[in-house]
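Residue numbers (our numbering), protein chains in the order written: chain A, 1 to 296; chain B, 297 to 828; chain C, 829 to 1147. To keep things clear, I will list the structure first and then write my remarks on it.
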Amino acid sequence: MTGSELTVAGTPAQGTLRTVWAGIRSSRAATIGLAIVALHVLVAIAAPLLTSYAPTQSVPAEALAGVSWDHLAGTDQYGRDVLTRVLHGGRFALVVCALSTVAAVGLGTVVGCFVALRGGWADNVVMRLVDSVLAVPAILALLVVVTALGTGTWVVVAAITIVYVPGVVRVVRAAAQSVVPLEYVTAARARGERRWSILRRELLPNVADVVAVELAMRASWAALLVSSLSFLGFGANPPTPDWGLMVAENRTALTVVPMATLAPIVALATFVVGLNLAADGLAKAWGIDRFRRDGR
Amino acid sequence: MRRPAATGAPITRRSLLATGIGLAAGAMTGCSTAGPATTALPEQARAGSARAGGELRIARPPASNAETLDPASSLCAYEYLGALYNRLTRIDRDGQVVPDLAAEWDVTEDAMRWTFRIRDDVSFHDGRPCTAHDAVYTIRRLLDPDLASPQQGVLAPLMEPGGVTAADDRTLVIELATPNAELPSLFTGYNCYVVPDGSGDDIGVAGIGTGPFRLDSFTAAGRGRVVANDAYWEGRPTLDSIAFFSIADQQARTNALLADQVDLLSQTNLDFVTARVVNASDNATIARVRNGQWYTIPMLTTVEPFTDPDVRRAVKLAYDPQRVLDVAAQGAGDLGHDNPVPPDNPLWVDHALERDPDQARALLRAAGYDGLTVDMYTSSYDPVFTPMTLAFKDSVADAGITVNVRNASADSYYSQVWMQQPLMATYWYTGRPVDQLLNQIFRGGSSYNETAWADDTFDAILDDARREIDDDKRRTLYQDAQRYIVDHSGSITPMFADRLVGLSRDVVNYYEHGFEFDYLNIGLADHRGERS
Amino acid sequence: MTLFVARRLGAMVLTVVLASLLVFVALQALPGDVATQILGRDATPEAVQVLRDQLGLDQPAWRRYLEWVGGAIQGDFGTSLASGEAVGSELALHLRNTLLIAVLAIAGGLLFSLVLGVVAGLYRDRWPDHLISGASLVGMSVPEFVVATVLVLLFSVTIPVFPAVVLDDADATVGQLLPAIWLPALALSIALAAYVVRMMRASVIDVMASEYVQTARLRGLGTGRVVLRHALPNAVLPTLNVIALNVAWLVGGVVVVETVFNYPGIGTLMIDAVYDRDLPVLQAIAVLSAVVYALCNLAADVAAMGLNPRLRAGGRSTA
């Protein structure tokens, strides 16, 4: 079962945005999921207004304080307010997650559509490359990229993009291939339209649903991956407030100040649940089986 | 790297994943001591009567898959050395150089010719007596450039291989090429363990020494075992045997201790929070190695802006060592005041720059670096690096200095950041003899000179000290050198932190300081008799 | 069909070669080499030179790579630069250890999620479904290291039933490893189960709605028998497929879990090799991983063709 198995039930509608919007409207899960995500985005933007502490302000005398009115979620081992850090903590994850997902899915979609349309040797070459990247354990690829390039926002974005693009190419190409033989594509070709214009006008709108599901799904994986990377010391640089980094910093103090570890985990998990719900809902609305496919 | 090494830092292999993954398994150890942050940790390891026999289980970080039992090699498996071998000299609990295999020694007035008398009651594990010829062989190996021992850089400038001879079976004679009144202290290094004459080809797996334990089995980066040497010249060790397990991940090591799978974590400085968790558990506790960790912030003196001595001085005036000690080590340790010699060393001198951010700011302005902004590197290699970096960053802000913290990968921290980036957090084990410390880490051109500082005046002080055989005068010279480092060098030493060592509550008479570990007296408490 | 398989085999060889080449190129981008990595702070220029001479690192990298490829074709995977052991036997030992937990995890996780997935599918949109789907959603949203660590906490430290870490070396016997494999396997299977439950649920719903199940039910078969006879077999195959196709991705979970438990498997071998820049070991792992991946792909395609006559005729293969 390769990408070709991916079934697109129901004829793809015309109009990219409208398709996506209709899908979201028709699914309660997608609505709830996106609402959760939107809430996280709002909190991340408004974080400085929500508490009276600065996220990096450390007071050694108040280290490892429990829950109190002054510190609703306690303090960490450097005496920083945990709640403040959790509220600010989404910023890095959200930005990296959004950038890397959009980059990976965007690039993967263009390449996938292109090779589906072009076929022939280009298709073969690209797919061999895609296959060989997928054949290398993703963790190895990630390790290599971050070890070679160092840490920081852009490196993490690049690393996740590199790891995700091949999977997207495979999925989108499969979806596009089922569109290519259809009449209107053939007709467009007969009219002598240029390849890019066919790709833009005929192919993209018809794989929009697949791409949207892909986007939501990859975003949820990327969120986990970003946090894992931060947790491993490859993502956000301290003292940046970041969920993954917070878990790494506070995990040893779990019995002493459990909130310092639990709060960022809960924040991360709800964010990922939101993205997963959105992906679920979209997939269900369009009859795309998000689990029965390959090529992560 | 993952080793204690000449340089002193144990590494958590795989720490790159490691640091993360562990989520303090320990954290929940059945104890609900959610007390205040000041919950006291034990000041001292448990002393008392141990029962005779038993097996101690030690978890250690593997140096690498290429580890060897050859003490001279930079790839040596550190924990085994002290159990299997002896050196000519060692350092006692007061920091003095005292006899080990060399019973006594003597030097000529010009500090050029040393004579060591080797003990006559010592045998190797294979029964051969240990003689001056073995010592000659050992020292010549250390000088061999093809072996590239870490100690080679320390000893080779002082002597030629031909100058190291045995006058008879008991007498080792060393003719120096350059005067040195501190030579015996240089043989306390952990690469200087004495191996049998001609054993070079197989010492790495045979492990035949004169030490309190002899080798039973050894696997590089794996498990191994040593058993008591009944014929040991200082008397039989308390334990029957020691089993060594290599566990790369620091968190996994801690978990093994909490789950009672091992008794002692070697080369593992627990961060304060983990230490509390361990201490609160039923079967494990914490011992401190006082001032065991020498934390430094080297400013690379070959890179702008640290080429300017005024900038270096300004940074030293700007930061708050007390804040670093409080935040990074929760006050468990001593202030360093930028002096690399720890306060409990007999040669230590009390000399410090008074913190003065305003003067720092003025110095910077005069040097044309008003509002200096620098990158500073940290890593998950050691749990103290990041809090130390953050406390440093916060306190230098008072002088208008902006520090951008950069987190670097643990696995290449010492190959790509150390001695490459202008500002970073790092540490050494304390325990080098002062002469070796100053020459190895501060003399211009030394391979371990982490600030790349080269100052002829300073080097001349070291040369004078080495020539001086009067102990008091020599001490004064070493103290001058310390003052010179505080005032001029690129090295910042905010603190000497206590190493927090996790060990089972059953372990008694654990003693470790610098590179000395008491394998002879360490034992298990009376009540635990039945464990295999 | 034969032609198809032959073509796929050709493509497979190409994939393996490309993967090995990619890993080689990527490794060249890493700072440092095996000598500087092993020596770390003792990497004085003299020490590095001595070690490089010993290991023959002064030859250009591409030459060493080609020599390695030459040997690998004849079944000789070279010698580890760090440990000096033969890569082939080292890899075999670690692979055996990893399979020990992986097979247990896949079998256990599959059985567990099979039941839950079927229940969720049968009670679609009712409370058991909501409960199970919700739990699996949370399971998907929590990183693996959290799961593994919580397990150690519960079953090694709080209630000491299983060892927290594995103290044995890679060459331990299966008997010696036996007490230690349960927690790693459990950690892996929980991460896996969250996904499989959802796949199973979807499969069961599909199968139950299919014509032949409807027919079987009309013939009067009870739900239990319908599920056992028809739904399960039809749902397990695609599930196995997805697991097979995500083999390369699963390695990520294996690495994390093996690190937490100090388990001497392929994951820890890989991490060590990256740290040591141990090219021959990494090459061998990359090739092994690519072969497994390609074989799984091939098997999946062949199986899909067997199931789906439409594909057999067209052979519109995608990969």
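C-beta atoms are modelled at their ideal positions from N, C-alpha and C, and glycine is treated no differently. Here the structure is a predicted model, which is why all the values come from computation and not from measurement.
Beta-carbon separation (whole angstroms), residue i vs residue j, contact threshold 8 angstroms
i: Leu1065/C; j: Leu1005/C; result: About 31 angstroms separates the two Cβ atoms, so there is no contact after all.
i: Val82/A; j: Ala263/A; result: 6 angstroms
i: Thr101/A; j: Leu229/A; result: With a Cβ gap of about 14 angstroms, Thr101/A and Leu229/A do not count as contacting.
i: Ala552/B; j: Ala1000/C; result: No, Ala552/B and Ala1000/C are not in contact; Cβ-Cβ is about 16 angstroms, not under 8 angstroms.
i: Ser577/B; j: Leu554/B; result: 5 angstroms
i: Leu1011/C; j: Val1041/C; result: 39 angstroms between Cβ atoms; not a contact.
i: Thr722/B; j: Trp714/B; result: 6 angstroms
i: Ala407/B; j: Ile765/B; result: 5 angstroms
Under the three-state DSSP convention, the category residue i falls into
i: Ser787/B; result: strand
i: Cys97/A; result: helix
i: Cys113/A; result: helix
i: Asp957/C; result: helix
i: Glu363/B; result: coil
i: Ala13/A; result: Unreliable positioning characterises Ala13/A in this predicted model, as indicated by a pLDDT of 42, which lies under 50. The coordinate reading is nonetheless provided below. Note: Ala13/A maps to coil in three-state DSSP.
i: Phe514/B; result: strand
i: Arg437/B; result: helix
i: Arg521/B; result: strand
i: Pro683/B; result: helix
i: Ile765/B; result: coil
i: Val599/B; result: coil
Euclidean distance between Cα positions of residue i and residue j
i: Leu855/C; j: Asn525/B; result: 46 angstroms
i: Ala516/B; j: Pro357/B; result: 11 angstroms
i: Val866/B; j: Ala976/C; result: Examination of residue 866/B is not possible in this model, given that chain B is present from 297 through 828 alone.
i: Gln392/B; j: Trp154/A; result: 53 angstroms
i: Ala1112/C; j: Ala1013/C; result: 24 angstroms
i: Gly667/B; j: Gln655/B; result: 14 angstroms
i: Ile354/B; j: Asp755/B; result: 41 angstroms
i: Arg389/B; j: Pro638/B; result: 14 angstroms
i: Ala187/A; j: Leu885/C; result: 60 angstroms
i: Glu193/A; j: Pro181/A; result: 16 angstroms
i: Gly485/B; j: Gly74/A; result: 47 angstroms
i: Phe811/B; j: Val730/B; result: 13 angstroms
i: Ala1015/C; j: Val985/C; result: 16 angstroms
i: Arg835/C; j: Ala223/A; result: 38 angstroms
i: Val876/C; j: Ser742/B; result: 15 angstroms
i: Ala1019/C; j: Ala346/B; result: 46 angstroms
Other residues of its chain near residue i: CB distance less than 8 angstroms, five sequence neighbours each side excluded
i: Pro636/B; result: Trp590, Thr592, Leu733, Leu734, Ile737, Phe738, Gln778, Ile781, Ser787, Thr789
i: Glu363/B; result: Leu371, Cys372, Ala373, Ala516, Ala517
i: Glu918/C; result: Ser908, Ser911, Ala998, Leu1097, Val1109
i: Pro1007/C; result: Phe990, Pro991
i: Val105/A; result: Tyr164, Val168, Val211, Glu214, Leu215, Arg218
Residues near residue i in its chain [Cβ-Cβ closer than 6 angstroms; skip 5 each side]
i: Ala821/B; result: Asp802, Val804
i: Leu950/C; result: none
i: Thr56/A; result: Pro239
i: Ala30/A; result: Ile24, Ala278, Gly281, Leu282
i: Met324/B; result: At Met324/B, the pLDDT of 35 sits below 50, so the modelled position is not reliable; the number obtained from the coordinates is stated separately. There are no such residues.
i: Asp123/A; result: Val115
Contacts that residue i makes with chain E (C-beta to C-beta distance below 9 angstroms)
i: Val841/C; result: This model lacks chain E altogether, as its protein chains are A, B and C.
Residues of its chain near residue i, where Cβ-Cβ distance is below 7 angstroms and the 5 sequence neighbours each way are ignored
i: Ala236/A; result: Phe92, Ser230, Asp242, Leu245
i: Pro601/B; result: Val607, Tyr665, Leu668
Measuring CB atoms only, is the segment 90-108 of chain A touching the segment 256-274 of chain A, in the sense that at least three cross pairs come out at less than 8 angstroms?
Taking 8 angstroms as the limit for Cβ pairs, the verdict is that the segment 256-274 of chain A does touch the segment 90-108 of chain A.
Could you say if the segment 944-956 of chain C and the segment 1022-1035 of chain C meet the contact criterion of at least three C-beta pairs nearer than 8 angstroms?
At 8 angstroms Cβ cutoff, the stretches touch.
Are at least three pairs of beta-carbons, each pair with one atom in the segment 357-376 of chain B and one in the segment 861-873 of chain C, less than 8 angstroms apart?
With a cut-off of 8 angstroms, the segment 861-873 of chain C and the segment 357-376 of chain B count as touching, because enough Cβ pairs lie within range.
Are the segment 631-647 of chain B and the segment 688-699 of chain B in contact at 8 angstroms, needing three or more beta carbon pairs?
The segment 631-647 of chain B, when compared against the segment 688-699 of chain B, does not touch it at the 8 angstroms Cβ threshold.
The segment 424-433 of chain B / the segment 457-465 of chain B touching (three or more Cβ pairs under 8 angstroms):
Yes, since at least three Cβ pairs between the segment 424-433 of chain B and the segment 457-465 of chain B fall closer than 8 angstroms, the two stretches touch.
Any contact between the segment 131-138 of chain A and the segment 172-192 of chain A? By contact I mean 3 or more CB pairs, one from each, below 8 angstroms.
Counting Cβ pairs under 8 angstroms, fewer than three are found: no touch.
Taking 8 angstroms as the cut-off, does the segment 484-503 of chain B touch the segment 466-473 of chain B (at least 3 CB pairs, one atom from each stretch)?
As far as the Cβ criterion goes, the segment 466-473 of chain B does not touch the segment 484-503 of chain B, which means the pair count is below three.
For the structure I just gave you, are there three or more beta carbon pairs, one from the segment 1083-1097 of chain C and one from the segment 880-896 of chain C, closer than 8 angstroms?
Contact fails: fewer than three Cβ-Cβ distances are below 8 angstroms.
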